[in-house]
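Quick note, the sequence shown lines up with residues 147 to 447 if you use this note's numbering.
Every residue gets a Cβ at the ideal spot worked out from N, C-alpha and C, and that includes glycine.
Input: a single structure, listed below in structure tokens.
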Amino acid sequence: MLPLPGRPMLFVTYTPPPPLGRFVRLLWYYAAPELPDLLERVLPSGAMSLLINLAEDELRWYDGAAEHGAAEHGAAEHGAAEGGAARCHRLSGIAVCGAHAEHFAIDTAEQRAIVGAELSPGGAAPFFGPDAAALGGAHVSLDALWGREAALVRERVLEAKTPEERLRALESALASRLLRPRAPLERDPSVDFALAAFADPSRAWTVADVTGQLGMSSKRFIRSFTERVGLTPKRYCRVQRFQQAVSAIERGERVSWAGVAAACGYYDQAHFIHDFRAFAGLTPTEYVTRRRERNHVPLDG
């Protein structure tokens, strides 16, 4: 993450060990007390996250299609109209953001102190059981899934004094879900094979390649993958290719769009720019110019 010039920011990460680490890729703590109050576009990563707002017991998000209307009205605390162009959605202070293939907007006023868990693709079942299949593309208050326990988890995280202790508190809460009776602790091997194949830089695996190796029908594989990951295999691969391009942009001091397109497996530069705009809502050049940190772009107020 990139701090704003002259503004303090703290970002602490922790990678949990197995068995939790088989299902949770990263725990993180983010604090930016002087973050300006505005709307910010979040680009799709294909990952599912659990978020805890430490500053207030609410999380807000805005439909991607309504971002410009929301920006015109300002953030929710400054008169954004719910039900109108802005379409502000309100959740409790601990919520789940499912795997997305579309951008949406958040209110940075709520990002001044937040703890999160990024789940591994296909790793949601131990925490959400059968409900995991319905979380793709969704934002859901955790109490709708965990009941009263959701509020208790947020309270325990709030009671912790340091960023590291808060991450440990969330780790403990997630690990306790693994100990529940009938918790599905085994990952789906067919989905794990597909995820590894799609991440293989040595060849461009297609869905047909994967189903051929697995000996499964295409329909059965797509249903199983989508239920566990939250995106169809093709959509997931497109988002991951988009994220490879974002990574290349973040690494490069001087960016060659043709080079990025070739490195990330696009047909040509035009294909890369078209796909990037489909996921980000702006061109690669606009992203470079306007981004605040990776996958986060302030919207014009």
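Fill in: Classification of P272 by the beta-carbon crowding that lies within 10 angstroms, buried from 16 upward
A residue is called buried when at least 16 other Cβ atoms come within 10 angstroms of its Cβ; P272 meets this threshold and is buried.
Item to complete: Hey, could you find the ends of the alpha helix (DSSP H) Y175 is sitting in?
Response: Counting along the chain, Y175 falls outside any alpha helix (DSSP H), though it belongs to the beta strand (DSSP E) covering 170 to 177.
Worksheet item: Between D421 and R397, what straight-line distance do the alpha-carbon atoms span, to the nearest angstrom?
Response: Spanning the two alpha carbons is a distance of roughly 20 Å.
Discussion item. Tell me whether the stretch 155 to 166 and the stretch 301 to 310 touch, counting them as touching only if at least three CB pairs, one residue from each stretch, are closer than 8 Å.
Written reply: Contact annotation: the stretch 155 to 166 touches the stretch 301 to 310, with at least three C-beta pairs closer than 8 Å.
Practice prompt. Out of I419, S393, L291, state which residue places its alpha-carbon closest to the alpha-carbon of N441.
Written response: If we check each option's Cα against that of N441, S393 comes out closest.
Worksheet item: Which of helix, strand or coil does DSSP assign to P149?
Response: The predicted model places P149 with a pLDDT of 39, which falls under 50 and marks its position as unreliable; any figure quoted below should be read in that light. Residue state, collapsed to three classes: coil.
Worksheet item: If we ignore side chains and look at the alpha-carbon of each, how far apart do Y433 and V337 end up?
Response: Their Cα atoms are separated by approximately 32 Å.
Item to complete: Could you check what DSSP says for L181 in three-state terms: helix, strand or coil?
Response: In this structure, L181 counts as coil in the three-state DSSP scheme.
Practice prompt. Throw me the rounded Cβ distance for the R171 and L265 pair, which I believe falls under 8 Å.
Written response: Yes, they are in contact, since the Cβ atoms of R171 and L265 sit about 7 Å apart, within 8 Å.
Discussion item. For T352 and T429, I'd like the C-alpha separation in whole angstroms.
Written reply: So the alpha carbons of these two residues sit roughly 27 Å apart.
Worksheet item: Just how far apart, CA to CA, sit H285 and E180?
Response: Cα to Cα, H285 sits roughly 26 Å from E180.
Practice prompt. Quick one: grab the DSSP three-state call for D338.
Written response: Three-state DSSP puts D338 in a helix.
Fill in: Buried versus exposed, by CB contacts within 10 Å (16 or more), E186
Classification for E186: buried.
Worksheet item: Do V261 and W207 have their C-beta atoms closer together than 9 Å?
Response: Their beta carbons are not under 9 Å apart, which means V261 does not touch W207 by this criterion.
Fill in: Boundaries of the alpha helix (DSSP H) in which A290 is found, first to last residue
Note, A290: alpha helix (DSSP H), 289 to 292.
Worksheet item: Measuring CA to CA, which of L320, S348, G244, S370 is closest to D334?
Response: Measuring from the Cα of D334, the nearest candidate turns out to be S370.
Discussion item. Tell me the DSSP secondary structure of L360 in three-state form.
Written reply: Helix, per DSSP.
Practice prompt. Could you spell out the range, first to last residue, of the beta strand (DSSP E) harbouring S195?
Written response: It spans 195 to 199 - the beta strand (DSSP E) in which S195 sits, taken as one unbroken run.
Worksheet item: Ordered along the chain, which non-local residues of its own chain (more than five positions away) have a Cβ less than 6 Å from that of L196?
Response: Closer than 6 Å at Cβ, skipping near neighbours: V242, A263.
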